[in-house]
């Protein structure tokens, strides 16, 4: 993985072709795509190459539970086609991985953890995005399996930007709900098809591990979802209701950044700007505004 490049012409054509397309027309899978099945997963790699000697890994994990409603569809049709070009304008060696998570506590839900590959070519990256199975399931637990997204980044990726240069990659996770206080050994072992964990991992441990290699961002799609009341499960049991935003600010702490979007359609723009800011691509607010006016 990692050969090829991002073409703004291809991206624009793809975006135009999807205008008005239904979710069924965009997302090709009506079941878990074999290449995104975590069963047997060891590691996903982001590697340097002659074509891309300064690779930088960017992962985007999407909440596809029913509470997200039409947001995953919007991301694939009108938002994410602009994601890779926005990143590539800052660094042409960016390698993007798309994945998804649902509610893994629902044992009958086969799409609870879906993982693509790191790609530099926008066509290949888009193939992983559109292979995502939008099952729309999810239990009534008051939280989703975003913990699996962070577990993946921290324990199942090998990225040259960090390994060779001690330069962090980027982990974007979009969700509208809280996460569990620990990664379940039972769930991980079931989904990976082997006994990897002997005991549950506290989510703080998992977040810290992911933050060693990645700049971590939790994107909440809009203010209404951020203000939604949710039960917060801690190591001490059920805590009083708090908002989704408050949950994530408390949970993430110094391990990452919580961003509440004005609307889901801003996902690519905000992610690209956050990437550019971290990479030092903008010398001033004027430069950011110029990028917005010219490219988005």
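Residue numbers (the UniProt record's numbering): 1 to 296.
Quick reminder that beta carbons are idealized off the backbone N, C-alpha and C, glycines included.
Asked: Start and end of the alpha helix (DSSP H) containing residue 113?; Found: Taken as a continuous stretch (DSSP letters only), residue 113 belongs to no alpha helix (DSSP H), being part of the beta strand (DSSP E) at 113 to 115.
Asked: Using the C-alpha atoms, what's the distance from residue 285 back to residue 46?; Found: 31 Å
Asked: Under a Cβ-count criterion, where at least 16 other Cβ atoms within 10 Å of its own Cβ denotes burial, should residue 85 be classed as buried or exposed?; Found: buried
Asked: With the cut-off set at 9 Å, would you say residue 159 and residue 114 are in Cβ contact?; Found: no
Asked: Within 10 angstroms of its Cβ, does residue 193 collect 16 or more other Cβ (buried), or is it exposed?; Found: exposed
Asked: Taking the alpha-carbon positions, what's the residue 247 to residue 178 distance?; Found: 7 Å
Asked: To which residues of the same chain is residue 244 closer than 7 Å at the C-beta, ignoring the five residues directly before and after it?; Found: 176, 177, 178, 220, 225, 226, 228, 230
Asked: Alpha carbon to alpha carbon, what distance is there between residue 144 and residue 103?; Found: 5 Å
Asked: Give me the Cβ distance between residue 147 and residue 203, rounded to the nearest whole Å; I'm assuming they're in contact under 8 Å.; Found: 6 Å
Asked: Thinking just about the alpha-carbon of each residue, which of 249, 165, 128 is nearest to the one in residue 81?; Found: 128
Asked: How is residue 59 classed by DSSP in three states: helix, strand or coil?; Found: strand
Asked: Over what stretch of residues does the beta strand (DSSP E) that includes residue 152 continue unbroken?; Found: From DSSP, residue 152 is part of no beta strand (DSSP E) but of the alpha helix (DSSP H) over 146 to 155.
Asked: Going along the chain, which residues of its own chain have a beta-carbon closer than 6 Å to the beta-carbon of residue 183, five neighbours each way excluded?; Found: 147, 151, 201, 206
Asked: Taking the continuous alpha helix (DSSP H) assigned at residue 247, which residues delimit it?; Found: 244 to 252
Asked: Please confirm whether residue 125 and residue 101 have their CB atoms less than 9 Å apart.; Found: no
Asked: What span of residues does the alpha helix (DSSP H) with residue 174 cover, start to end?; Found: From DSSP, residue 174 is part of no alpha helix (DSSP H) but of the beta strand (DSSP E) over 169 to 174.
Asked: Which residue wins for smallest C-alpha separation from residue 156, given the options 265, 188, 288, 121?; Found: 188
Asked: Which residues in the same chain have their Cβ closer than 8 Å to the Cβ of residue 259, if we skip the five residues on either side of it in sequence?; Found: 217, 218, 219, 220, 270, 274
Asked: What is the DSSP secondary structure of residue 197, counted as helix, strand or coil?; Found: coil
Asked: Measuring alpha carbon to alpha carbon, tell me which of 289, 287, 166 ends up nearest residue 211.; Found: 166
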